[in-house]
Every structure is written in C-alpha cells, then in structure tokens.
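S.K.:
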Amino acid sequence: MTSEQTPADGGAPATQGAQRSVPDEVPNHRPPAEPNLAGVASSGARPRRGVLSRRVRAIPASGIRRFFDIMTTMEDVISLSVGEPDFITPRHILQRAVDSLYAGETHYTSNYGLPELRAAIAEHLERLYGVSYDPATEIIVTTGVSEGLDIALRALLDPGDEVIVPEPTYVSYQPLTVLAGGTAVPVPTRAEDGFRLKAEAVRAAITPKTKVLLLGFPCNPTGAVLERTELEAIARLVVEHDLYVISDEIYDRLTYGVPHTCVPSVPGLRERTILLNGFSKAYAMTGWRLGYACAPADILEGMMKVHQYAMMCAPTPSQYAAIEALRCGEADVQRMVAEYDQRRRLIVKGLNEIGLACHEPQGAFYAFPSIACTGFSSMEFSERLLFEEKVSVVPGSAFGASGEGHVRVCYGSSIENLERALERMHRFVRRYSR
Ligand code: PLP
0 MTSEQTPADG
10 GAPATQGAQR
20 SVPDEVPNHR
30 PPAEPNLAGV
40 ASSGARPRRG
50 VLSRRVRAIP
60 ASGIRRFFDI
70 MTTMEDVISL
80 SVGEPDFITP
90 RHILQRAVDS
100 LYAGETHYTS
110 NYGLPELRAA
120 IAEHLERLYG
130 VSYDPATEII
140 VTTGVSEGLD
150 IALRALLDPG
160 DEVIVPEPTY
170 VSYQPLTVLA
180 GGTAVPVPTR
190 AEDGFRLKAE
200 AVRAAITPKT
210 KVLLLGFPCN
220 PTGAVLERTE
230 LEAIARLVVE
240 HDLYVISDEI
250 YDRLTYGVPH
260 TCVPSVPGLR
270 ERTILLNGFS
280 KAYAMTGWRL
290 GYACAPADIL
300 EGMMKVHQYA
310 MMCAPTPSQY
320 AAIEALRCGE
330 ADVQRMVAEY
340 DQRRRLIVKG
350 LNEIGLACHE
360 PQGAFYAFPS
370 IACTGFSSME
380 FSERLLFEEK
390 VSVVPGSAFG
400 ASGEGHVRVC
410 YGSSIENLER
420 ALERMHRFVR
430 RYSR
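Residues 0 to 433 (numbering that gives the first Met the number 0) make up the sequence shown, in order.
Pasting the structure below:
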C-alpha cells in the first residue's frame, strides 16, 4: 500500500487529528462558524475566500494517516489492519470479465445496471432470504456499498435530520451522514452485550428529528451479528417512530455458525429499508468496486437521481464478473468462509490466551479485543505495537469514542501470518501488562 492509498474499510479511518489521544468528539456535525481565510496564495496574490465547504471541513481528516504512512516505510510489518480478503478473486469470475471485454462490452450500461445482473441479484436475495425485489424498479447496481451508502443518505436526508449510528461504527457512516447534510447520533454498543445493538438503546436516541437508523451487521469492527428477535424489537421502534433503515449487509455471507437475518425480511421493514450489499467481501472483489442497493421503487428513484448524475453506472466489466459470482460462485464463498472460520478460532483463542480479552465475533473478519491489561489508549497501543513489534492493527477509537479500549484485528490474512503476529503481540503484552 502506498502512502496515498486509503483503505476503504477503516484501514485509514476518519478520526480526529491528535496522534496520541482519543478523539473526544466523534466525527460529526458542527462545522466551524467562520469561513476559512487561511487559503491565501503566496507571492502577493489576492486572498481567496475559504476554499473548502463547511461540510467538508466538518469531516475530520484521518487521525492515523501518519501511522499508516509510517507503516509503508517499514519492512517486515504484519498488517492486520486493512479490512479486505487476502484471497484473489476466483478465476472463473475474472475470466467472465475478461471475456466480456474481448466481446466488446466496453460501454456504459443502463444507469440501473445490466438487466441480467439485476435479475441475478433478485433471484439471489429471494433464494437466500425470501425477500423479493423487482429488478426493473427496485434494484440499482452501484460502485460498491460505498456509493450505495452515499446515495441512500443523500436521497433521504434534509439538513438537520438525525441518523442513528450504532457504535463502534464503520468509519464512513458518520462522515457520509455529515456530507449529506444530516447529523449522526452515535448509540454505543457494549462488549458485555457482544456489541449487539439493543432496541432500548435505539429508543433512547430517537428524537423528533430522527429519520434514519443506519445498521451495519455483521459489524465492522466488532464482528457482532444481530439476532432476528433483536431486529424484530428494533423493527417495532422503526415503525412506531416512522423511521427508515439503511442496512449495510456487506458481510452477510461471512457468519460463523449463526444465521444472518436480512433486515428487509423482518416484518414491517421491507417498505422502510434500503438494503445495501456488494461483492467486495464474499467474493474477494474489493478492487472491482461493485455493489447494489434495493429499496421500494419511490426511494430507489430518488437514489437513482443522485446515481445517474454522480456515477452514471457501475463499471461494466465488474458487472459481468458479478453475474458469474452470483450464478457460479457459491462454492468459492463456502471455501473462503471455512478458511476465515479457522483463522477466527485461531486469533480469538490466541488473543484471549495472551491476555487481550476478546468476545467471540460471529461475523465479518475482525476480532475486537480489549487492550485494558496494558493501560494504553488504543492509539498508543497500536503505535507502539507497530514500532516495537511490527504488527499493525487499527485503534478502536477510529470507530468512534465507544471503540476506545479496543483494537481491530483483521483476520483476512494467512494462518501463518496470524501465528507470527500473535507471537509478536504476546511479547508486547508481556512487556506492558499491568
Ligand atoms: N461497509 C462496510 C461495513 C465495510 O467494512 C466496507 C469496506 O470495508 C464497505 C461498506 C465498503 O464496501 P465496498 O467495497 O462495497 O464499497
């Protein structure tokens, strides 16, 4: 990874600037009151008014960018920080994209995406979760879930609308909310609950301004999965308070021994939910930038307005590859999930054994151990671990204030790497355990 690259998954999370302290304010809401006059060109040119918009200024730059820049200058670092599969996209999926290119499929597609792909998405969701979407009016193919999140928030929010965001949270949710003019309202989840979201916590955060509940389960960074009964309780609140749900289900296929509940399959939620999913994680296709959004037609049309002007359509070769993934990729998914599960057991056992207490993550490919035994802040822990033992993890504070006291360890890495990393971490913890 070069210093210019920003891993999309939280590898270079958006936190406040101070290097060694925990951000005391989650990336959020309040833009500076005055325009920034600092952008004065040198050598006598006329002063410019503040060049960046308030919304952009309100988003914190990555507080650990420096940390990642340093990592790229070091040798022999074991990176457990970037949240992407170490697998290469399965060969038959690659081949389908290559064939499409040689067949001359190098043009734009429909703004909605290839009809064949939308049909495959609809069949896939019906088969796995029994949820039905009309491929003609209720599905858009997007440039990853990242774009899906952006257009969903921009389609739904007016200035001042509040979005409830369970924390620790994926790094994009709060900044994208701010960019869409909304206000992010974090709702902490707790280690003692396995970081599962409780309906009561959601209820306590609802105000007359609440419009959206943004769910991301299985969760990056905690690995928490929501049970159907928990979702049913949350659904009653959503209906009672006339809210909408944006459900990022990018890790739906990566669960271990527990079922994933597709949010729109919960009674009362289909008409109020924008379902987002994609190909990055389940099919090891992060670089293809492909996802999809499903929603009732009126909501989808709103999102389409943003999508068609901002993006036009998702990449065409990737769409062909995605058809292959959905139609013929199931064995690959099963193979990779079995491998992640093995790694998950190894890392969770290993972390607990060396004194970093770790609840059992049931989904995604992250462990989120407590670092309390060292007394370090999560930023200090991560920096020291990198400098002293050459293992990179992500400070929990990068995922919001309630992630403090933990670090995120991604096990999208080989067993051999994980074993070496655990040895190094063991040495580190022995040195600093209180
Ligand atoms: N949502 C979550 C929870 C993620 O962890 C990531 C990437 O790490 C994304 C969305 C981005 O997905 P995509 O690659 O489809 O844009």
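We treat Cβ as the ideally placed atom computed from N, Cα and C, and that holds for glycine.
Along the chain, which unbroken stretches of the alpha helix (DSSP H) at least 4 residues long are found entirely within the stretch 144–197?
M.R.: 172–178
S.K.: Given that a residue counts as buried once 16 or more other Cβ atoms are within 10 Å of its Cβ, and exposed if not, what is H106?
M.R.: exposed
S.K.: Please confirm if E418 has its CB atom under 7 angstroms from at least one CB of chain D.
M.R.: Looking at the structure shown, chain D is missing, and only one protein chain is on hand.
S.K.: For T285 versus G362, is the C-beta spacing smaller than 7 angstroms?
M.R.: Cβ atoms of T285 and G362: not closer than 7 angstroms.
S.K.: Straight-line CA distance for F194 to Y101?
M.R.: 47 angstroms
S.K.: Let's see if you can read the secondary structure: which residues bound the beta strand (DSSP E) around A292?
M.R.: Its beta strand (DSSP E) spans residues G290 to C293.
S.K.: Should T88 go down as buried or exposed, given a rule of 16 or more other Cβ atoms within 10 Å for buried?
M.R.: buried
S.K.: May I ask you to report which of helix, strand or coil DSSP gives G277?
M.R.: Look at G277 here: in three-state DSSP terms it is strand.
S.K.: Between which two residues does the alpha helix (DSSP H) containing V428 stretch?
M.R.: Here the alpha helix (DSSP H) through V428 covers I414 to Y431.
S.K.: Going by the beta-carbon positions, is the gap between R407 and Y365 smaller than 7 angstroms?
M.R.: yes
S.K.: By a C-beta neighbour count over all protein chains shown, 10 Å radius and 16 as the cutoff for buried, is M378 buried or exposed?
M.R.: Counting C-beta atoms within 10 angstroms of its own C-beta, M378 has 16 or more neighbours from the protein chains shown and is therefore classed as buried.
S.K.: Alpha carbon to alpha carbon, what distance is there between S52 and F216?
M.R.: 32 angstroms
S.K.: Whole alpha helix (DSSP H) runs in the stretch 323–396 with 4 or more residues, listed along the chain?
M.R.: The qualifying runs are 329–352 and 377–383.
S.K.: In angstroms, rounded to a whole number, what distance separates the CA positions of R430 and P174?
M.R.: 37 angstroms
S.K.: Taking 6 angstroms as the cut-off, is the CB of G143 close to at least one heavy atom of ligand 1?
M.R.: yes
S.K.: Taking buried to mean at least 16 other C-beta atoms within 10 Å of its own C-beta, is C312 buried or exposed?
M.R.: Classification for C312: buried.
S.K.: Which one of V76, A309, K389 and A60 has the shortest CA to CA distance from V170?
M.R.: A60
S.K.: Rounded to the nearest angstrom, what separates A40 and R48 at their Cα positions?
M.R.: Below a pLDDT of 50, predicted positions are generally treated as unreliable, and A40, at 47, falls in that range; the measurement from the model is reported next regardless. So the alpha carbons of these two residues sit roughly 10 angstroms apart.
S.K.: Evaluate F386 with the Cβ neighbour count: other Cβ atoms within 10 Å of its Cβ, from every protein chain shown; 16 or more gives buried, anything less gives exposed.
M.R.: exposed
S.K.: DSSP has C409 in a bridge; who is on the other side?
M.R.: Y365
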